[in-house]
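Numbering (our numbering), first residue to last: 6 to 540.
For each residue, glycine too, the CB sits at the ideal point set by N, CA and C.
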Ligand SMILES: Cc1cc2nc3c(=O)[nH]c(=O)nc-3n(C[C@H](O)[C@H](O)[C@H](O)COP(=O)(O)O)c2cc1C
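What follows is the structure, given as C-alpha cells:
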C-alpha cells in the first residue's frame with residue numbers, strides 16, 4: 006500500500022492523497038487588476054485533473070501594495086474573489102481540494118515579472134513604494150522600503166482576515182498564509198530584516214508577534230472545519246539569521262494559534278544565503294518541525310521521484326509532499342507516480358481510455374532480497390526485463406539487449422565469475438530484477454557495476470537499494486575487489502538518488518561521457534571501497 010496515495014485528513018477535509026501543488030506565482034493578471042483569468046483556471050485546473058490531492062493557488066496579495074509585481078493575483082476585492090470562485094469550483098469538481106496562499110510581499114513588492122528581468126517597477130510605471138518592518142532594503146544599494154508605523158499593523162492584520170473571509174466565500178477548502186521566502190511576515194520574523202525597537206522587534210517573541218497575530222486573525226474568521234496552513238522559511242541560510250530552532254519555537258506557537266500544518270521551505274531573506282541544491286534538501290526541516298513541535302508538516306523542494314516522495318511520508322518526515330517545478334514539467338506527475346508505486350491513480354473518467362493496462366499492484370516485501378548468478382533458465386526473464394518499454398536500467402544503457410547477446414553474457418558470467426557477472430535479484434524467492442558487473446582492472450581489482458533493472462511488478466520496495474548493497478558486499482567481501490565504480494547518466498535522476506541512498510560515494514562528474522540520441526551527456530561518477538560498506 007502506498008502511503009503517498011493514502012488520504013490525509015486535516016480537520017473536516019480529506020485530501021485524496023498526500024501530494025500538493027506548491028504555490029507558484031504566474032505573473033499573469035492584466036497589470037494591476039489582480040483578477041485570476043483563464044490562464045489561472047487552466048493552469049490550476051490541469052493540475053487537479055493530473056491527480057494532486059491539494060491544489061494551492063499562487064501567492065495572492067491581501068492588499069494592492071502586497072503584490073510582488075503588478076501582474077500578481079489578489080483577493081482584496083469581491084470581483085477578485087468571484088473570479089477565484091470559478092477556479093476553486095473547477096479544482097474541487099475534479100477531486101482535488103482547492104487552496105490559496107495569502108501573501109504580502111513587504112519590501113520585495115513592486116518588482117517586474119522574472120521574464121521581464123526582475124528589478125523594481127517605479128511608481129510612474131505602475132509600481133508603488135514597498136513597506137516593511139524596517140527601512141532595510143533586501144540587497145545593498147536597493148531603495149529602502151518604508152517602515153510600517155505601529156498604527157498601520159492592525160490594518161495589515163485585518164487585510165489577512167478579510168482575505169481569508171473572501172477565500173471562504175470563494176469556496177476554497179484550504180488557506181495557506183505565506184510567511185516564508187523573505188516576504189512581509191518573514192521580514193518580521195528574521196533579525197536580518199526586522200530592526201524595530203517597539204513590541205514588534207528585538208526579541209524572538211517580539212518578532213513573532215505580527216506573524217502570530219496574522220495566524221490568529223485568519224483562524225478567527227476561517228471556518229473551524231477547514232484547515233489553515235502556514236508556509237515558513239525554516240532557516241535564512243545566513244549567519245545571524247532566522248534558524249531551525251526559531252522555526253520549531255514558532256511552529257509550536259502556530260499550533261497553539263490553530264494552524265494545522267506547517268509547510269517547510271527555506272531562504273529568501275538575504276542575497277547572501279547559501280542554499281544547497283540536493284534532492285529533498287528541505288525535508289529534514291519538515292521532519293524536525295513535525296517531531297519537535299508536534300504539528301503536521303509539508304515537505305517541499307527538489308522532490309522529483311515518486312519513490313522519494315513515498316519515503317518522505319512513509320518515514321514520518323512529513324504528512325504532505327508539495328511539488329512545484331516537477332508539476333510544471335508534468336501536470337500528470339501524480340498519475341504517473343501512482344502507477345509507479347502500484348497505487349490506483351485518480352484518473353479522470355474522461356481520460357480512462359489512456360490509463361495504462363492495469364497498474365501492477367505493488368508487491369509487498371515477501372522476503373529478503375538475495376542475489377544469485379544467472380543461469381540459462383533465466384534467459385527469458387532477462388529478455389523481458391531489458392526489453393520492457395518502461396524499464397530504464399539504472400546503471401549502464403541498453404546497448405546489449407538482444408536475446409543472443411544476453412545468452413552470451415549469461416554464459417560468460419558462468420565461465421568467468423571473477424571478472425564478469427550477470428546476477429538475478431530475488432525477493433522472497435521470486436525473480437524481481439537483475440544487475441551486472443565487470444572487472445575494469447584485474448591488477449588493481451576494480452569492478453564496474455552496470456545494468457541494474459527492477460521488474461515493474463516489483464517497483465517501489467527499495468529492492469534496488471537492497472540489491473545494490475548486496476552486490477557491494479558480494480564483490481568486496483566474497484570476490485575480494487578493492488574498489489567498485491558506478492556511473493549514472495546525467496539525465497537519470499532516479500538512478501542518482503538511488504545510488505546516494507544505497508551508500509555509494511559521489512566522486513564527481515565526467516563531462517561528455519555518453520553519446521545519447523546524438524547528444525553528449527555527462528555522467529555522475531560514484532565509487533566505493535571496503536571502508537564505505539554499510540555495517
Ligand atoms: C514559477 C514559480 C513560482 C513560485 N511562486 C511561489 C509562490 O507564489 N509562493 C511560494 O510560497 N513559493 C513559490 N515558489 C516556490 C515553490 O512553491 C517551491 O517551494 C519551490 O519551487 C521548490 O519546490 P520544487 O523544487 O518542487 O520546484 C515558486 C516556484 C516557482 C518555480
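Query: Would you say the beta carbon of residue 305 comes nearer than 7 Å to a heavy atom of ligand 1?; Result: yes
Query: Ligand 1 heavy atoms versus the CB of residue 269: any closer than 7 Å?; Result: no
Query: With a cut-off of 8 Å, do at least 3 Cβ pairs link the stretch 451-458 to the stretch 352-362?; Result: no
Query: Just to confirm the assignment, what range does the alpha helix (DSSP H) spanning residue 295 have?; Result: 288-298
Query: Taking residue 108 as part of the beta strand (DSSP E), name the residues at either end of that continuous run.; Result: 102-108
Query: Might you give, ordered along the chain, the residues of its own chain that have their beta carbon closer than 8 Å to the beta carbon of residue 263, omitting 5 neighbours on each side?; Result: 220, 221, 224 and 233
Query: Under 8 Å, with one C-beta from each stretch per pair, do the stretch 113-122 and the stretch 88-102 reach the 3-pair mark?; Result: no
Query: Return the CA-CA distance between residue 178 and residue 467, expressed in angstroms with no decimal places.; Result: 35 Å
Query: Nearest CA to the CA of residue 186: which residue from 28, 361 and 373?; Result: 28
Query: Have a look at 376, 377, 175 and 337 and flag the residue whose alpha-carbon is nearest the alpha-carbon of residue 359.; Result: 337
Query: Which class does residue 425 belong to by DSSP, given the choice of helix, strand or coil?; Result: strand
Query: Determine the direct distance from the alpha carbon of residue 335 to that of residue 107, and round the result to whole angstroms.; Result: 25 Å
Query: What do you get for residue 265, buried or exposed, if any count of 16 or more other CB atoms within 10 angstroms of its CB means buried?; Result: buried
Query: Pairs of beta-carbons, one from the stretch 304-314 and one from the stretch 340-351, closer than 8 Å: are there three or more?; Result: yes
Query: Considering only the beta carbon of each residue, do residue 227 and residue 161 sit closer than 8 Å?; Result: no
Query: According to DSSP, residue 269 sits in a beta bridge with which residue or residues?; Result: 237 and 304
Query: With which residues is residue 525 paired in a DSSP beta bridge?; Result: 520
Query: Cutting at 6 Å between CB atoms, please list the residues of its own chain near residue 525, excluding the five before and the five after it.; Result: 517
Query: Just the Cα atoms here: how many angstroms apart are residue 390 and residue 459?; Result: 8 Å
Query: May I ask you to report which of helix, strand or coil DSSP gives residue 444?; Result: strand
Query: According to the Cβ coordinates, are residue 472 and residue 376 closer than 8 Å?; Result: yes
Query: May I ask which residues mark the beginning and end of the alpha helix (DSSP H) holding residue 608?; Result: A question about residue 608 goes unanswered here, because the residues of the chain that appear run from 6 up to 540.
Query: Just reading off the beta strand (DSSP E) that residue 252 is part of, what are its end residues?; Result: Element bounds for residue 252: not the beta strand (DSSP E) but the alpha helix (DSSP H), 249-261.
Query: On a CA-only basis, which of 302, 49, 22 and 522 is nearest residue 90? Give me that one, please.; Result: 49
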